[in-house]
Amino acid sequence: EGQGIGGYDQDDAIIIPITTARQRISGRKFTSSVDFIIVAVENRSQLHASKKEIVQLLRERHRIRDSREDDFIIDDASTFVDMAQMVAKVLSVLLAVIASISLLVGSIGIMNMMLVSVSERTREIGLRKAIGAPQSNIMLQILLETILIALLGSLIGMLAGIGISQLTGMILGWVVPVSLWSIVLAFMVALVVGVSAGFFPAMKAAKMDPIKALSTIN
99 EGQGIGGYDQ
109 DDAIIIPITT
119 ARQRISGRKF
129 TSSVDFIIVA
139 VENRSQLHAS
149 KKEIVQLLRE
159 RHRIRDSRED
169 DFIIDDASTF
179 VDMAQMVAKV
189 LSVLLAVIAS
199 ISLLVGSIGI
209 MNMMLVSVSE
219 RTREIGLRKA
229 IGAPQSNIML
239 QILLETILIA
249 LLGSLIGMLA
259 GIGISQLTGM
269 ILGWVVPVSL
279 WSIVLAFMVA
289 LVVGVSAGFF
299 PAMKAAKMDP
309 IKALSTIN
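Count along the sequence shown from 1, then add 98; that gives the number in the working numbering.
In structure tokens form, the structure reads like this:
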């Protein structure tokens with residue numbers, strides 16, 4: 099089954115009778131003593147009540163007075179689940195920060211590329227404006243081109259990520275689920291990045307003076 103949350107590998111565990119452990123394994127002076135006991139409940143809703151009964155039973159067996167503290171420690175699965183959820187939240191925040199930085203760098207790269215594209219197509223834009231093309235059409239063209247680039251990049255990255263994750267899962271024997279929501283979110287983020295990166299180049303192209311644009315020699 100592999101290692102658990104605490105690093106304990108159940109493949110390295112051997113289950114033996116408690117009498118055998120007392121007599122052959124522990125090597126203690128008092129063979130009736132044990133280091134730990136694992137208890138399973140049928141339903142998670144029974145966890146709290148079972149834990150309470152175990153505490154009461156152990157205190158009776160250890161002859162602990164009401165005024166004294168327990169001489170044993172009880173951990174339940176919810177402790178490890180909470181710890182795993184906390185680690186998952188921290189990792190999610192770190193991944194979100196890394197992804198935000200990557201998106202910022204990518205959007206700047208797309209914006210610079212579109213600014214270069216607008217500069218190289220100065221005469222084309224000037225000609226379109228000279229024959230009556232409105233600013234909205236020119237802005238829409240630049241924005242659509244930017245969004246298309248962002249969506250294409252998102253698609254390539256998403257296919258690469260899914261492919262690598264599935265290949266890694268096959269090699270390591272893991273099940274790597276692919277969420278439909280993550281795919282939709284990726285396209286939504288790419289759409290936002292495309293609009294954000296293309297807005298400034300589109301404004302620059304839309305506000306271009308057709309006379310100056312036509313007089314520019316490429």
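Where is the CB? At the ideal position from N, CA and C, for every residue including glycine. Predicted, not measured: the structure shown is a model, and the values here were computed from it.
Check                                                                                                                                                                    : Outcome
Per DSSP, what kind of secondary structure is Asp107 in: helix, strand or coil?                                                                                          : strand
Rounded to whole angstroms, what is the Cα-Cα separation between Leu202 and Asp173?                                                                                      : 44 Å
Using three-state DSSP, classify Phe285 as helix, strand or coil.                                                                                                        : helix
Taking its Cβ as the centre, do 16 or more other Cβ atoms sit within 10 Å of Val216, making it buried, or is it exposed?                                                 : buried
With three or more C-beta pairs closer than 8 Å as the rule, is the stretch 243-259 touching the stretch 273-289?                                                        : yes
Enumerate in chain order the residues of its own chain whose CB-to-CB distance from Leu213 is below 6 Å, with the five nearest sequence positions on each side excluded. : Pro299
If you draw a straight line from the C-alpha of Thr69 to the C-alpha of Leu257, how long is it?                                                                          : In the structure as shown, the chain starts at 99 and stops at 316, and residue 69 therefore has no counterpart that could be examined.
Classify Met209 as helix, strand or coil using the three-state DSSP reduction.                                                                                           : helix
Just to confirm, are Ala304 and Ser205 a CB contact at a threshold of 9 Å?                                                                                               : no
Would you mind giving the Cβ-Cβ distance between Met209 and Ala111, rounded to the nearest angstrom? I have them listed as a contact below 8 Å.                          : Not really, about 57 Å apart at Cβ, beyond 8 Å.
Rounded to whole angstroms, what is the Cα-Cα separation between Ala186 and Asp164?                                                                                      : 39 Å
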